[in-house]
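Worksheet: the structure to be examined is printed underneath.
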Ligand SMILES: Cc1ncc(COP(=O)(O)O)c(C=O)c1O
């Protein structure tokens, strides 16, 4: 970063690179509400193929892609099961209930990693007429508020198989599925095969300014297109933004390994100064326990020393690495946080 600040509040803060901006400027475009934008078509087909699904729908945000995915599967008054700190439960402003009549029941974890038995014990697909019926299970991979944790494949396979056998739909919030793929080597379509719908974000570690893609069957994406328009999410020459997404797919997936290395360097520097306050990161998110100090105070002191991080709950601080910070900057930032937590 140029002004001496190391901004680790989120991987959404990245600015489009010169190459990405050039790709946006030269993209062929059309009116996407008329379904006539060739660059949007290319992006949707490309992401669907990567995840092994039939069709895709480009959306303005991951929150919208999740809303559409869940609403495709869950009717008003039915339930989706998810983690108690899932993005769909905590950070989408109640949209699933407020706009789509979806109810939620949550399972509890420490680090967001789903426990297959816990989930399958909660499934109640035919609970009517006195109880709410489970229509969908939604899983987040990687898990943001859990600390960028990866869902192990065998657990996902088990949940997916049991849900499929019971007729319960499966949605994957894969905002950072790219990170899980790069960290584990599990192919994207191996994850994709386990879910009816998957949402992925282009605007997090991949560095695009805007956009997510929801994938599923062609019939589901046609329904999602109607829902998206109903929510005011139809857009016109969106190919300008889709071009940034295509550029991100071409240039920025493999390099996520650099972000994971930078997160490790950050965590190692914290651990060296304040042992026991940090968990080894699995991807690009590091969660620190602030011991006796209030997270808001840690955040304020770090900011005075040129490092921006976020408070996460009553005892935690979160740092997220991304393509606009270097490994050295992250190691220095980790040293600052380690000193503050120890002091
Ligand atoms: C796991 C997860 N899902 C979904 C989203 C939503 O993405 P957006 O901010 O584009 O709505 C986020 C955003 O941080 C996220 O972390």
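Residue numbers (our numbering): 44 to 386.
Note that beta-carbon positions come from the ideal geometry of N, C-alpha and C, so glycine has one too.
Keep in mind it's a predicted model, so treat the numbers as computed, not measured.
Quiz prompt | Residues near residue 311 by beta carbon distance below 8 Å, same chain, minus five either side | solution = Stepping through the chain shown from its first residue, residue 311 is reached at position 268. Hits under 8 Å: 374 and 377.
Practice problem: Can you say whether residue 80 is buried or exposed, counting buried as having 16 or more other CB atoms within 10 angstroms of its CB? | Solution: Within the chain shown, residue 80 is the residue found at index 37, counting from 1. The residue in question, residue 80, is buried, as its Cβ has 16 or more Cβ neighbours within 10 Å.
Quiz item: Taking 8 Å as the line, does the beta carbon of residue 109 fall inside it for any heavy atom of ligand 1?
Solution: As a first step, residue 109 is located in the chain shown; it is residue number 66 there, counting from the start. Judged by the Cβ position, residue 109 qualifies as a neighbour of ligand 1 at the 8 Å threshold, a heavy atom of the ligand being closer than this.
Exercise. Would you identify the three-state DSSP class for residue 52, choosing helix, strand or coil?
Key: Residue numbering aside, residue 52 sits at position 9 when the chain shown is read from its first letter. Note: residue 52 maps to coil in three-state DSSP.
Quiz item: Could you give the distance in angstroms between the alpha-carbon of residue 143 and the alpha-carbon of residue 344?
Solution: On the chain shown, position 100 is the one that residue 143 refers to. On the chain shown, position 301 is the one that residue 344 refers to. A direct Cα-to-Cα measurement between residue 143 and residue 344 gives close to 41 Å.
Practice problem: Return the CA-CA distance between residue 73 and residue 48, expressed in angstroms with no decimal places. | Solution: On the chain shown, position 30 is the one that residue 73 refers to. On the chain shown, position 5 is the one that residue 48 refers to. Cα to Cα, the separation comes out at about 39 Å.
Practice problem: Examine ligand 1 and report whether any of its heavy atoms sits within less than 8 Å of the Cβ of residue 358. | Solution: Taking the first residue of the chain shown as position 1, residue 358 is located at position 315. No, ligand 1 has no heavy atom inside 8 Å of this Cβ.
Exercise. Measure the Cβ-Cβ separation of residue 369 and residue 328 and say whether it is below 9 Å.
Key: Residue 369 sits at position 326 when you count from the first residue of the chain shown. Residue 328 sits at position 285 when you count from the first residue of the chain shown. The answer is no: Cβ separation not under 9 Å.
Quiz item: Hey, is the segment 112-123 in contact with the segment 92-104, meaning 3+ C-beta pairs nearer than 8 Å?
Solution: The segment 112-123 and the segment 92-104 do not touch, with fewer than 3 CB-CB distances between them shorter than 8 Å.
Quiz item: Is any heavy atom of ligand 1 found at a distance shorter than 8 Å from the C-beta of residue 179?
Solution: For this step, residue 179 is matched to residue 136 along the chain shown. Checking every heavy atom of ligand 1 against the Cβ of residue 179, none is found closer than 8 Å.
Quiz prompt | Secondary structure of residue 221, DSSP reduced to three states | solution = Taking the chain shown and counting its residues from 1, the one referred to as residue 221 is at position 178. Per DSSP, reduced to three states, the secondary structure at residue 221 is helical.
Self-check item: CA nearest to the CA of residue 83, picked from 383, 281, 335 and 313
Solution: Reading the chain shown from its first residue, position 40 is the one you call residue 83. Minimum Cα distance to residue 83 is reached at 281.
Quiz prompt | Whole-angstrom distance between residue 150 and residue 207, CA atom to CA atom | solution = The count along the chain shown starts at 1 and reaches residue 207 at position 164. The count along the chain shown starts at 1 and reaches residue 150 at position 107. The alpha-carbon atoms of residue 207 and residue 150 are separated by roughly 19 Å.
Quiz item: Does the beta-carbon of residue 50 have 16 or more other beta-carbons within 10 angstroms, so that it is buried, or is it exposed?
Solution: Position 7 of the chain shown, counted from the first residue, corresponds to residue 50. Residue burial is scored here from C-beta neighbours: residue 50 has at least 16 other C-beta atoms within 10 angstroms and is therefore classed as buried.
Practice problem: Determine the DSSP secondary structure at residue 44, reduced to helix, strand or coil. | Solution: Here residue 44 corresponds to residue number 1 of the chain shown, with the count starting at 1. For residue 44, the pLDDT reaches just 48, beneath the cut-off of 50, and the residue's location in the model is therefore unreliable, although a value from the coordinates is still provided. Look at residue 44 here: in three-state DSSP terms it is coil, with no helix or strand label.
Quiz item: Do you know how far the Cα of residue 77 is from the Cα of residue 354?
Solution: Mapped onto the chain shown, residue 354 falls at position 311. Mapped onto the chain shown, residue 77 falls at position 34. One Cα belongs to residue 354, the other to residue 77, and the distance between them is close to 43 Å.
Quiz prompt | Among 105, 194 and 179, the one whose alpha carbon lies nearest that of residue 186 | solution = By 1-based counting over the chain shown, the position of residue 186 is 143. Here the closest residue by C-alpha is 194.
Quiz item: Span of the beta strand (DSSP E) holding residue 313?
Solution: Numbered from 1 along the chain shown, position 270 holds the residue referred to as residue 313. Per DSSP, residue 313 belongs to no beta strand (DSSP E); it is in the alpha helix (DSSP H), 299-316.
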